[in-house]
Amino acid sequence: MLISVCDDTMEGNNILDKERIKTLMSFDVMDTLPESIYDDITSLAASICKTPISLISLVDNKRQFFKSHHGLDFNGTPLEDSFCKHIISNDKDLMIVENTNDDERFTNYSLVKENPGVSFYAGASLTASNGNRLGSLCVIDYETRKLSEQQINGLKTLAKQVVKLFELRRSKKNEEDQKIDLERKGKLLENIVKATEIGVWERNIKEDSIMLSDEALQIIGLDKVPIHHFKTNKWLGLIHPEDLAMVKEQFLNCCDYQSVGCEIQYRIMHKNGQFKWVHENGKVLSWNDKQEPLLMYGTLQDITEKVHNRIELERVKNNQEAMINSTKDFMWAIDLDLKLITANTSFHQLIKRNLGHFIKEGDYVISETFNAEINNKWKDFYNRASTGERFSIKHKIKDPSKYLTSYNQTSFNPLYNKESKQIGITCFSKDITSEVLSQQVLLTAKEEMEKIMNASLDIICTIDEEGYFLSINKACKRIWGYEPKDLIGTNYKELVYEEDIALTQDSADSVLAGEKVVNFENRYLHKNKTIVPMLWSSNWDEKDGVIYCVARDISEKKKAELQLENSERRFRTLVQEGSDLIGILDKNANFIYVSPTSTRILNTTPQGFIGNKVFDFVHVDDYEMFYNQFQTIYNKAQITIEPFRFKNKEGKLVWIETIATNKLDDPSINGIILNSKDITEKKKAAVQLEQSEKRFKTLVQEGSDMICIVDEHANFSYASPTSTKILSITPEEFIGTNAFDYVHPDDYETIHNQFIKIFEIPQVTIGPFRFKHGDGNWIWMETIATNKLDEPTINGIVINSKDVTTKVQHLNAIEKQNEQLKKIAWTQSHIVRAPVARLMGLINLIRDEKKNLPFEEKQRILNYIITSADEIDSVIKEIIKTTANAIDTE
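In this note's numbering, the protein residues as written are 1387 to 2276.
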């Protein structure tokens, strides 16, 4: 296929066009040596278009010269073997020949029939700014191929960059020629001196007296004299006769009420008899009611040296005028008062274009026509130069007549007289527009080239002979996780997966041996240590000593291959061994296929279903629902049928969940696919879950315990509804608060120490402790805390709390009763012990047979026993009564 149709008649004879040849020769590039900047472009073009050959071909009237020939070992051919000439002769921007053997124009080309055997050609025109075509940037392959839109755009962009580089080359050459010309002109002017000191005078017009400062007296060499001795006539008598009339005229003008002052230069007699040039400024500062001047002030400056310098400068100017007016660059010189001494024609023309008039010699070069910012900037430059500093600045110059902006470099140098005293400033401004534009073009070309590389989704890089990255585009960040700066200077082996290093080294050796390696696969380690499969194409450039590489991340391809393999395996497992039942129905809902899983799921072989309608197996109570939902499949791609009961061969019911997919229009299936799953156990589990949830709801929401969840800091994230019943605090009021805010201060430390044990053991029992009730009172709580921080569904500590206020109160009452009983027992035991002791003594006395007691004595002892027994009985009754009273009191 030929994208840009051309013939071999060389329409318009554009190849021989003199203007085209002149334009080509103006770039001074024919028969020049190879240059890496052009070789980089052909290498990049070959990489983008994935071709072994790329050329920058320039065509004159006899031959084509290859400024860069990537993939070929010769640098030109005769015109008759040129593909590129057709781009010029047919005035085309792009020509693509996808198969040269099918194009009769090229079948007899030696490049096609013989070595290198060209089968594919694509060329983008190298078109100069004046429209003349110089040749092409082309890519060539030994095999037929097609280019993508992205590759074509890349080729066009690179062709534009080649032309920009040619124009940059020409601009540089012109600039070098101009520089040589400027160097012949030499320096124009030399340094200036510092401004002399200024004298001050005061004139009292009414009294006709003049008072001079010491500096003013020194200028004219006068001794200090009283004011009344120095009159106007004495001053006028010192003025040179040729200047006297002018001074008087200026004085009268200055005394006019409308005057703003006067400024004049004249000669005055010095004490030594010589005339000095002085510069005087004066102004009336006081007037009477009749608008007559009373008092004047002014300054006096010795400008003798300046005047002499001006004369000297005039001589220098006359000698150099021819030289400085022969250039288009701007040259001018000013004195230390910023007045123009001389300037070349180019400077005057620039001022005329900007101000509308010329600046004459002796005029200030700072004009009020320019804005204050510009004037201040140039004053700063001149002031720097007036101190003897030499420097240069770059700036813009606007030409209002052409609406153009040029770039100039202006140098400032001190101007000296023969005695090496600075008398002014010389300025030289050179047009550097071509240099600036060339830099901009180069920068733009570099940026666009980087954009092309960084726009690539593949890694484009260069590697030296030892395996170190020399350059790499930004795709490495997306694919490997590294910034380009992290990889420059790194050996590629550091990134290769360990098992692939040997294989990768073998491939690299093949590349260095001159082989072009394509579709080489290996694995690289991502920055995050994951493995990234890569597909490489590499080519060794002997001249540059680098390997040009393009690498593609084939992770998605590998995933797709694995997914396909897994999909096939899953399909076989799903259909033949899976838990689902797969069936296919014809358009009348008759089974035409049933998976082997039917035997296991429904205890019916596939043959037991084939030819039968699906409706025959649906439970009668579910029939209508199933039938109505199934009918919608004819108008939809897929439906989900509600669970229904399905009868197997033995009449046993199985709950089935089914997804139906319409594939009646798919020739490979021509049916409706039913993907069914036995959900009988799921149904049972759902019922059990519902019952369990009811029990849980009853337990949590209606139980006697309060169940809460807190985080590791004891902040509530959940509270059961029973909190309202137990504490008169709603669950919403608990959320976000801290559990310890409700604990009695006296119990805080104990409870906190018990709580933190939960981080060491899975469950702890806390309390009893006092917890603040919603009404402000305290109730006793007992809590079991269970650590469920690692349980994703809970992510907290479960607190199961019970109100044990009554229990605690009972225990406290029992404890108090026991204390009182102990106290009573201790007290009463002493009372009981005395009669008991007497009773025991009497009994022992009666038992002692050795003592033959008389009857009366025995009778008396028995009476004592009875009395002691009665006393014990009374004591016991008193104890019972006291104890009963104590219990009743509690």
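Glycine included, C-beta positions come from ideal geometry on N, C-alpha and C.
**Request:** Give the range of the alpha helix (DSSP H) segment to which V1633 is assigned.
**Result:** Taken as a continuous stretch (DSSP letters only), the alpha helix (DSSP H) holding V1633 covers 1627-1640.
**Request:** Taking only the alpha-carbon atoms, compute the straight-line gap between Q1651 and N1695 and give it to the nearest angstrom.
**Result:** Between the alpha carbons of Q1651 and N1695 lies a distance of about 15 Å.
**Prompt:** Is the beta carbon of D2064 sitting closer than 7 Å to the one on V2040?
**Reply:** Taking 7 Å as the cut-off, the beta carbon of D2064 is found closer than this to the beta carbon of V2040.
**Alpha carbon of T2110 to alpha carbon of T2116, nearest angstrom** = Near 5 Å, if we compare the C-alpha coordinates of T2116 and T2110.
**Prompt:** In this structure, does DSSP put K2069 in helix, strand or coil?
**Reply:** Helix at K2069.
**Item:** Own chain residues within Cβ distance below 7 Å of P2178, not counting five before or after
**Value:** There are no such residues.
**Asked** What did DSSP end up calling D2118 once you bin it into helix, strand or coil?
**Response** For the sequence presented, residue 2118 should be read as Glu rather than Asp. Correct three-state label for E2118: helix.
**Request:** Flag this pair as touching only if the region 1808-1828 and the region 1715-1732 have three or more C-beta atom pairs under 8 Å; answer yes or no.
**Result:** The region 1808-1828 vs the region 1715-1732: in contact.
**Request:** Whole angstroms is fine: what's the gap from E1869's alpha carbon to N1908's?
**Result:** Inter-residue distance for E1869 and N1908 is about 21 Å (C-alpha atoms, whole angstroms).
**Request:** State the start and end residues of the unbroken beta strand (DSSP E) segment that holds S1454.
**Result:** It spans 1449-1456 - the beta strand (DSSP E) in which S1454 sits, taken as one unbroken run.
**Message:** Check this for me: beta carbons of I2165 and D2189, under 7 Å apart or not?
**Reply:** Contact: yes.
**Message:** Please classify V1904 as buried or exposed, where buried requires at least 16 neighbouring CB atoms within 10 angstroms.
**Reply:** Residue environment analysis places V1904 among the exposed positions, since fewer than 16 neighbouring C-beta atoms fall within 10 angstroms of its C-beta.
**Prompt:** So, helix, strand or coil for Q1644, using DSSP?
**Reply:** Correct three-state label for Q1644: coil.
**Message:** Closer than 8 Å is the cut-off here; do at least three beta carbon pairs connect the region 1650-1665 with the region 1631-1640?
**Reply:** Short answer: they touch.
**Request:** Would you please state the rounded distance, in angstroms, between the beta carbons of V2129 and F2102? I believe it to be under 8 Å.
**Result:** With a Cβ gap of about 13 Å, V2129 and F2102 do not count as contacting.
**Message:** Using a 10 Å radius around the Cβ and a threshold of 16 neighbouring Cβ atoms, would you call I2073 buried or exposed?
**Reply:** Looking at the sequence itself, residue 2073 is Val, so the reference to Ile does not match. Classification of V2073: exposed, given that the 10 Å Cβ count is below 16.
**Message:** On the DSSP letters alone, give me the boundaries of the alpha helix (DSSP H) that H2130 sits inside.
**Reply:** Neither: H2130 is in no alpha helix (DSSP H) and is coded neither H nor E.
**Prompt:** Rounded to a whole number of angstroms, what is the C-alpha to C-alpha distance between A1894 and F1855?
**Reply:** Taking the straight line from one Cα to the other gives about 13 Å.
**Message:** Here's the rule: buried if 16 or more other CB atoms are within 10 angstroms of the residue's CB, otherwise exposed. What is E1569?
**Reply:** With fewer than 16 other beta carbons inside 10 angstroms of its own, E1569 counts as exposed.
**Asked** How big is the Cα-Cα spacing for E2318 and I2027?
**Response** Nothing about residue 2318 can be reported from this structure: the residues present for the chain run from 1387 to 2276 only.
**Asked** For L2050, which option in N1762, A1975, L1671 has the closest C-alpha, if you only look at C-alpha atoms?
**Response** Nearest option by C-alpha distance: A1975.
**Message:** Residues in the same chain with beta-carbon distance under 7 Å from K2035, minus the five sequence neighbours each way, listed in chain order, please.
**Reply:** If the five residues before and after K2035 are omitted, its C-beta is found closer than 7 Å to the C-beta atoms of N1989, T1990, G1994, all from its own chain and listed in chain order.
**Prompt:** Which residue's Cα is closest to the Cα of G1607: V2184, D1688, K1738, A1888?
**Reply:** Nearest C-alpha to G1607: D1688.
**Item:** Cutoff 6 Å; reference A2125; Cβ partners in own chain excluding five residues on either side
**Value:** Residues V2096, A2100 of the same chain have their beta carbon placed closer than 6 Å to that of A2125, with the five preceding and five following residues left out of the count.
**Message:** Among K1915, S1857, R1864, whose alpha-carbon lies nearest the alpha-carbon of L1881?
**Reply:** Looking only at K1915, S1857, R1864, the smallest Cα-Cα distance to L1881 is reached by K1915.
**Message:** Applying the 10 Å Cβ sphere with the 16-neighbour rule, what's the burial state of E1885?
**Reply:** Classification for E1885: exposed.
**Request:** Would you identify the three-state DSSP class for E1490, choosing helix, strand or coil?
**Result:** In this structure, E1490 counts as coil in the three-state DSSP scheme.
**Prompt:** Using a Cβ-Cβ cut-off of 8 Å (strictly less than) and excluding sequence neighbours within five positions of S1422, which residues of its own chain qualify?
**Reply:** Excluding residues up to 5 positions away in sequence, D1930 lie with their Cβ nearer than 8 Å to the Cβ of S1422 in the same chain.
**Request:** Pick helix, strand or coil for E1666, following the three-state DSSP scheme.
**Result:** Note: E1666 maps to strand in three-state DSSP.
**Request:** Drop a sphere of 10 angstroms on the beta-carbon of M2092, count the other beta-carbons inside from all chains shown, and report buried for 16 or more, exposed for fewer.
**Result:** Buried is the call here.
**Item:** beta strand (DSSP E) runs wholly inside the region 1750-1808, at least 3 long, in chain order
**Value:** Runs of the beta strand (DSSP E) inside the region 1750-1808: 1777-1785, 1790-1802.
**Asked** Would you report the Cα separation of T1530 and W1922, rounded to the nearest angstrom?
**Response** Each residue's CA atom was taken as its position, placing T1530 and W1922 some 21 Å apart.
**Item:** A1508 classed as buried or exposed, judged by whether at least 16 other C-beta atoms fall within 10 angstroms
**Value:** A1508 should be labelled buried.
**Asked** What do you reckon, are the CB atoms on A2199 and I2185 nearer than 7 Å?
**Response** Cβ atoms of A2199 and I2185: not closer than 7 Å.
**Message:** Does W1587 pass the burial test, meaning 16 or more other C-beta atoms within 10 Å, or should it be called exposed?
**Reply:** By the 10 Å Cβ count, W1587 comes out buried.
**Item:** Distance between A2105 and F2120 (C-alpha atoms, nearest Å)
**Value:** Taking the straight line from one Cα to the other gives about 7 Å.
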